[in-house]
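Trainee: The opening residue of the sequence shown carries number 2 in my numbering; numbering runs sequentially from there. Each residue gets a CB set at the ideal place from its N, CA and C atoms; glycine is no exception. It should be emphasised that the depicted structure is a prediction, and the values quoted were computed from it without experimental measurement.
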Amino acid sequence: MSDNGCGFPAPGLHSFLFKPLFTVGGYEFNKVMLLALVTTLLIVGFFWVAFGQAKVVPGKLQMVGEAGYNFVRRNIVYETLGKREGEKYVPLMVSLFFFIWIMNVWSVIPLAQFPVSSVIAFPMVLAGLVWVLWVGVTFKRHGFVGGLKNITGYDKSLGAVLPLVMVIEFLSNLFVRPFTHAVRLFANMFAGHLMLVMFTVASWYLMNSYMIPAAGVSFVMTIVMILFELFVQAVQAYVFVLLACSYLQGALAEHH
Numbered sequence: 002m003s004d005n006g007c008g009f010p011a012p013g014l015h016s017f018l019f020k021p022l023f024t025v026g027g028y029e030f031n032k033v034m035l036l037a038l039v040t041t042l043l044i045v046g047f048f049w050v051a052f053g054q055a056k057v058v059p060g061k062l063q064m065v066g067e068a069g070y071n072f073v074r075r076n077i078v079y080e081t082l083g084k085r086e087g088e089k090y091v092p093l094m095v096s097l098f099f100f101i102w103i104m105n106v107w108s109v110i111p112l113a114q115f116p117v118s119s120v121i122a123f124p125m126v127l128a129g130l131v132w133v134l135w136v137g138v139t140f141k142r143h144g145f146v147g148g149l150k151n152i153t154g155y156d157k158s159l160g161a162v163l164p165l166v167m168v169i170e171f172l173s174n175l176f177v178r179p180f181t182h183a184v185r186l187f188a189n190m191f192a193g194h195l196m197l198v199m200f201t202v203a204s205w206y207l208m209n210s211y212m213i214p215a216a217g218v219s220f221v222m223t224i225v226m227i228l229f230e231l232f233v234q235a236v237q238a239y240v241f242v243l244l245a246c247s248y249l250q251g252a253l254a255e256h257h
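1) Among the residues of its own chain, which have a CB less than 6 Å from the CB of I101, if the five just before and after it don't count?
2) Specify whether the region 141-157 and the region 187-206 touch according to this definition: at least 3 beta carbon pairs, one from each stretch, less than 8 Å apart.
3) Please classify M64 as buried or exposed, where buried requires at least 16 other C-beta atoms within 10 Å of its C-beta.
4) Report yes or no: do the region 89-99 and the region 244-256 share at least 3 C-beta pairs separated by less than 8 Å?
5) Give me the Cα-Cα distance between A128 and P214, rounded to the nearest whole angstrom.
6) Out of R85, S119, G66, L38, point me to the one whose CA is closest to V184's CA.
7) Could you name each continuous beta strand (DSSP E) segment of 3 residues or more that falls completely within the region 197-231, going from the start of the chain to the end?
8) When the Cα atoms are used, what is the spatial distance from Y70 to I110?
9) Counting along the chain, where does the beta strand (DSSP E) carrying F30 start and finish?
10) For the beta strand (DSSP E) that contains V106, what are its first and last residues?
11) Can you name, in chain order, every residue of its own chain whose Cβ lies under 8 Å from the Cβ of D4, other than the five neighbours on each side?
12) Between the C-alpha atoms of I103 and T40, what's the straight-line distance to the nearest angstrom?
13) What does T329 pair with, by DSSP beta-bridge criteria?
14) Less than 8 Å between the C-beta atoms of Q234 and N105, yes or no?
15) Do E170 and T181 have their C-beta atoms closer together than 8 Å?
16) Secondary structure at F115, three-state DSSP: helix, strand or coil?
17) Is the CB-CB distance between A252 and W135 below 8 Å?
18) Are the Cβ atoms of G60 and F48 separated by less than 8 Å?
19) How long is the line joining the alpha carbons of A55 and V177, rounded to whole angstroms?
20) At a Cβ threshold of 8 Å, is F48 touching chain B?
21) How about L1 and K157: are their beta carbons less than 8 Å apart?
22) Quick one: residues in its chain with C-beta nearer than 7 Å to the C-beta of F187, no 5 flanking neighbours on either side, listed in chain order?
23) May I have the straight-line CA-CA distance separating L197 from F229, to the nearest angstrom?
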């Protein structure tokens with residue numbers, strides 16, 4: 002029986018909390034960290050096997066790896082940054098895309114059943130990495146003064162409103178941008194997982210009551226939500242990398 006007296010174990014924040022699997026030197030290692038580690042090993046292992054001994058006539062695994070690599074390179078990086086400027090950033094963007102995508106996909110994998118990106122720490126670290134890269138590229142390309150102009154949106158044609166615009170742009174770029182970049186990914190995965198848990202638990206709960214027809218409806222909704230989540234998971238990885246490339250494009254653009 003749940004605390005609300007109805008017997009339905011409603012999902013909530015407790016659905017995102019896990020007991021530590023073990024503790025090392027005072028640091029706890031839980032299920033979410035394990036999934037993130039497995040994600041890293043899977044991606045590194047896959048591309049190592051696919052391209053470790055690349056052939057002119059690729060095998061099936063190499064073809065899949067090339068398809069994924071070229072998708073990110075051509076449809077995100079090249080489209081945003083261009084081939085000349087974007088080529089050096091392709092490995093990072095490919096890594097980000099597949100890391101985020103696989104972290105999201107765990108949500109619908111049996112036994113795992115949890116999207117790593119729904120824990121805010123992971124999107125924040127990835128967004129912070131992009132932010133550091135963006136700031137570094139901005140000052141490297143334009144110098145200190147030019148970099149400040151780029152970050153603050155300096156444009157003398159704005160006249161009297163220029164100081165206000167510069168303050169807004171400065172705060173937006175340095176503080177709001179990394180926050181929204183992370184929260185966009187986190188919020189979608191958090192909400193999606195909560196919905197999946199709700200319909201899954203509801204199906205089980207209703208099946209063990211007199212409302213079996215309602216359990217069937219809930220089960221159908223669970224399937225629909227899983228299919229929808231598979232789409233959203235890929236889209237969120239795409240959007241995160243697209244925004245990262247967009248930020249770099251602004252850093253590389255010539256200031257006028």
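Mentor: Taking the definition as stated:
1) A238, F241
2) no
3) exposed
4) yes
5) 44 Å
6) S119
7) none
8) 23 Å
9) 28-30
10) Segment 91-106 is the alpha helix (DSSP H) holding V106; no beta strand (DSSP E) there.
11) Summary for D4: the model assigns pLDDT 49, below 50, so the residue's position carries little reliability; its value from the coordinates is reported in the next sentence. Nothing meets the Cβ criterion.
12) 6 Å
13) What is shown of the chain runs 2 to 257, which leaves residue 329 out entirely.
14) yes
15) no
16) coil
17) yes
18) no
19) 42 Å
20) Although the question refers to chain B, the structure presented lacks it and comprises just one protein chain.
21) Only positions 2 to 257 of the chain appear in this structure, which leaves residue 1 out of reach.
22) S118, S119, I121, P124
23) 10 Å
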